[in-house]
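Here the structure is laid out as C-alpha cells; the discussion comes afterwards.
Residue numbers (the working numbering): 120 to 376.
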C-alpha cells in the first residue's frame with residue numbers, strides 16, 4: 120500500500136470507525152444487507168472517491184491535521200493527566216520514569232512509558248518528547264550521572280545543569296519543600312551541633328572560597344550554589360547567603376565589635 124492509499128484508508132477509518140464491519144456486512148453473500156448498511160456503504164464509497172481525487176499535497180495535509188486531532192484526544196493530552204506537583208514534590212524519591220513524566224507536566228500515575236509504547240509510531244509530538252527525554256535520562260543513568268530512585272531536588276538540579284526545561288511550578292514546589300525540610304532539620308539541631316555546623320560552614324567558605332564576612336557585595340554565594348548544582352544537588356542562592364550570614368556570627372572578631 121503506497122502513501123496515497125494509506126492516507127485515504129486512514130481518513131476513511133477516522134470518519135467511519137466501523138468501516139471494516141460495514142464492508143463485511145455489505146459484501147457478505149449469506150444474507151441481504153439492511154438499508155442502513157447500504158446507506159453507510161454509499162457514504163464510505165463517496166468519501167473514498169472524494170479523497171482519491173484530491174491532489175497528494177492536499178490529501179497529506181488532511182492526514183496530518185487529522186492525526187494531530189487524534190493525538191489531542193488521547194489520554195496523555197487530557198487535563199486529568201496533568202500532575203499534582205504539590206503532592207509529588209513532597210515524596211522522598213522518584214523513579215526515573217516518574218521524573219520524566221513530571222518533567223513533561225504529566226501525572227506518573229496515569230502517564231508512563233509502558234502506556235505510551237502503543238503510540239510510539241503514531242507521529243505523536245508528546246510521545247516523541249517523552250521518548251527523547253527518557254533516552255537522555257537512561258543514558259545518564261548508565262553513566263552514573265543519575266541514580267534510581269532519585270531525590271526530587273537532585274533530579275531538578277541535573278535537569279537545570281543539562282538545560283532541560285521543567286515546568287516552573289514543579290521546580291518551585293521541589294525547591295520550596297526542600298527549603299522547608301532544611302529549615303526543620305536546622306531547628307532540630309542541638310545548640311552544640313548547630314554551632315559546630317556553623318563553624319564548618321564559615322571555615323570552608325573563608326578558606327575554600329575566600330569568603331569575606333561583612334562584605335557589602337560578594338559572588339561567593341553564587342559560586343557555592345553553582346558548585347552544589349554541579350554535584351547533582353540543588354540549593355537556593357538565598358539559602359546559601361542566609362547560612363553564610365548566620366555562620367559569620369560565630370567568628371570572634373565579629374562578635375567582639
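No residue lacks a Cβ here, since even glycine has one placed at the ideal position from N, Cα and C. In this text the structure is predicted, and so the values were computed from the model without any measurement.
Point to revise | As assigned by DSSP and simplified to three states, the class of residue 345 | key: DSSP places residue 345 within a helical segment (H, G or I) once states are collapsed to three.
Check your understanding: Which term fits residue 359, buried or exposed, when burial requires 16 or more other beta carbons within 10 angstroms of its beta carbon?
Key -> In summary, residue 359 is buried, with 16 or more beta-carbon neighbours lying within 10 Å of its beta-carbon over all protein chains present.
Review point. Going by the CB atoms, is the gap between residue 246 and residue 235 shorter than 8 angstroms?
Key: At a Cβ-Cβ threshold of 8 angstroms, residue 235 and residue 246 count as neighbours.
Check your understanding: Name the DSSP bridge partner or partners of residue 213?
Key -> Paired residues: 269.
Review point. Roughly how many angstroms separate the alpha carbons of residue 293 and residue 323, rounded to a whole number?
Key: Residue 293 and residue 323 have their C-alpha atoms roughly 27 angstroms apart.
**Study point:** Spatial neighbours of residue 318 in its chain, beta-carbon cut-off 7 angstroms, leaving aside the 5 residues before and after
**Key:** Taken in chain order, the residues that qualify are 369.
Practice item. Look at the Cβ atom of residue 167, then the Cβ atom of residue 131, and state whether they are nearer than 8 angstroms. Key: In this structure, residue 131 lies closer than 8 angstroms to residue 167 by Cβ.
Point to revise | Distance, residue 217 Cα to residue 134 Cα | key: Approximately 36 angstroms between the Cα atoms of the pair.
**Study point:** Test item: CB-CB of residue 187 and residue 230 under 8 angstroms
**Key:** No, these two residues do not count as a Cβ contact at 8 angstroms.
Point to revise | Rounded straight-line distance, which links the Cα of residue 138 to that of residue 284 | key: Straight-line spacing of the CA atoms in residue 284 and residue 138 works out to 43 angstroms.
Point to revise | Residues near residue 288 by beta carbon distance below 8 angstroms, same chain, minus five either side | key: Short of 8 angstroms from the beta carbon of residue 288, and not among the five residues preceding or following it, lie these beta carbons of its own chain, in chain order: 204.
Exercise for review: Report back the beta-carbon spacing between residue 272 and residue 352 to the nearest angstrom; my notes put them in contact at under 8 angstroms.
Suggested key: Distance from residue 272 to residue 352 at the Cβ level is roughly 7 angstroms; contact confirmed, criterion being Cβ atoms closer than 8 angstroms.
Review point. For residue 259 versus residue 265, is the C-beta distance shorter than 8 angstroms?
Key: In this structure, residue 259 places its C-beta atom within 8 angstroms of the C-beta atom of residue 265.
Practice item. Can you tell me which of 332, 312, 291 and 222 puts its alpha carbon nearest to the alpha carbon of residue 282? Key: Nearest C-alpha to residue 282: 222.
Practice item. Compute the Euclidean distance between the alpha carbons of residue 296 and residue 310, then round it to the nearest angstrom. Key: Roughly 24 angstroms between the two C-alpha positions.
Review point. Can you find a heavy atom of the ligand NAD that lies under 7 angstroms from the Cβ of residue 202?
Key: Ligands in the displayed structure: none, and consequently the ligand NAD is not present.
Check your understanding: What number of angstroms, rounded off, separates the C-alpha of residue 121 from the C-alpha of residue 175?
Key -> In this structure, the straight-line span from the alpha carbon of residue 121 to that of residue 175 is close to 12 angstroms.
Point to revise | Range of the contiguous alpha helix (DSSP H) that encloses residue 197 | key: Neither: residue 197 is in no alpha helix (DSSP H) and is coded neither H nor E.
**Study point:** Presumed contact (8 angstroms Cβ cut-off) between residue 290 and residue 275, rounded CB distance
**Key:** Approximately 6 angstroms separates the beta-carbon atoms of residue 290 and residue 275; this is inside 8 angstroms, confirming the contact.
Check your understanding: In or out: residue 170 buried (at least 16 other Cβ within 10 Å) or exposed?
Key -> Here residue 170 is buried. Its C-beta has 16 or more other C-beta atoms within 10 Å.
Exercise for review: Buried or exposed for residue 172, please, with buried defined as at least 16 other CB atoms from any protein chain shown within 10 angstroms of its CB.
Suggested key: Counting Cβ neighbours within 10 Å, residue 172 comes out exposed, since fewer than 16 surround it.
Exercise for review: Taking the CB atoms as reference points, tell me whether residue 377 and residue 347 lie closer together than 8 angstroms.
Suggested key: Absent from the structure is residue 377, since the part of the chain shown begins at 120 and ends at 376.
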